[in-house]
Amino acid sequence: MFNNITSKKVYEQVIEQIQEKIFYGEFKNGDKLPSERELSEQMGVSRTSIREALRVLETMGVVESRQGEGNFICSNVNKSLIEPLSLIFKLNNGSWEDVIELRQALELETVKFASKRVTKEEADEMKFIINKMEEEINNQNRNEILVNLDQKFHNKIASISKNYLIECLFLTSSNLFEEFIDDARRKIVNKYSDERVLLNQHKEIYNAIISNDSNLAYKKMEEHMNLIKENYKEK
């Protein structure tokens with residue numbers, strides 16, 4: 001059941017209650033919400049407030065309305081975190097340092113968790129990504145493909161950490177970070193005239209993770225992030 005609402009900004013409290021039920025697992029991805037009438041009765045508010053709350057949740061990407069069926073929790077509700085973060089970044093004139101410092105903080109701790117929790121199957125999946133990177137090095141249109149593989153590699157590390165909140169944070173920062181990876185990769189390749197500089201760093205991170213050496217994994221990830229940071233900074 002929902003709680004009765006009596007104070008101001010009614011629709012915001014409706015939003016909070018629905019978000020809480022998602023957080024505590026009472027509503028899961030793809031679940032159908034009660035009807036507007038049922039929500040109105042359970043919360044003791046008008047259907048106008050319910051509709052306003054649902055419109056906001058739909059804009060946020062949390063709820064989707066299906067014609068003739070009702071309102072549902074989005075099946076990919078975690079992706080609703082992406083655009084708000086991008087919007088906040090742009091509205092506050094965020095700098096490249098903000099994004100890279102955020103990603104560096106995430107990467108360094110996450111790789112330590114991954115090195116302690118990696119399974120044989122996950123190690124094979126990481127190896128597959130690295131092999132694909134190696135195959136694409138001589139591809140004429142390789143940069144876009146390699147940027148995508150680069151992100152897959154780092155997102156796989158987040159997945160291996162077995163921490164869903166870390167995975168969500170990686171997802172939200174990946175959208176912002178893509179531009180920086182692309183730019184830094186081009187500069188690194190031009191500087192060293194060798195795409196293998198980055199490939200070798202990914203191999204070193206991979207080897208440290210599958211060796212369950214969290215200290216070495218941290219060190220190798222730090223070297224990798226510093227290389228990206230240094231080369232993006234060069235204008």
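Take the sequence shown: its letter number 49 is residue 49 in the numbering used here, and every next letter is one higher.
Each residue gets a CB set at the ideal place from its N, CA and C atoms; glycine is no exception.
Bounding residues of the alpha helix (DSSP H) (the contiguous stretch that carries residue i)
i: V147; result: 142-160
i: E101; result: 96-117
i: V238; result: As shown, the chain starts at 1 and ends at 235. That puts residue 238 outside it, with no answer to give.
i: I129; result: 120-136
Backbone secondary structure at residue i - three-state DSSP
i: N71; result: strand
i: K28; result: coil
i: S173; result: helix
i: N139; result: coil
i: K229; result: helix
i: K220; result: helix
i: L39; result: helix
Residue interval of the beta strand (DSSP E) (run including residue i)
i: V197; result: Premise fails: V197 lies in the alpha helix (DSSP H), 196-210, not in any beta strand (DSSP E).
i: V63; result: 63-66
Nearest neighbour of residue i, chosen from the options [CA to CA]
i: E122; options: R103, S159, L199; result: S159
i: N29; options: E204, G44, V63, T172; result: V63
i: D124; options: K21, K156, G44; result: K156
For this session: Answer yes if the region 106-115 comes into contact with the region 58-76, meaning at least three C-beta pairs across the two stretches below 8 Å, and no otherwise.
Result: Touching, no.
For this session: Count the C-beta pairs between the region 113-133 and the region 176-187 that are closer than 8 Å, then say yes if the count reaches three, no if not.
Result: no
For this session: May I ask you to verify whether the region 168-181 touches the region 91-107, counting CB pairs closer than 8 Å and requiring at least 3?
Result: yes
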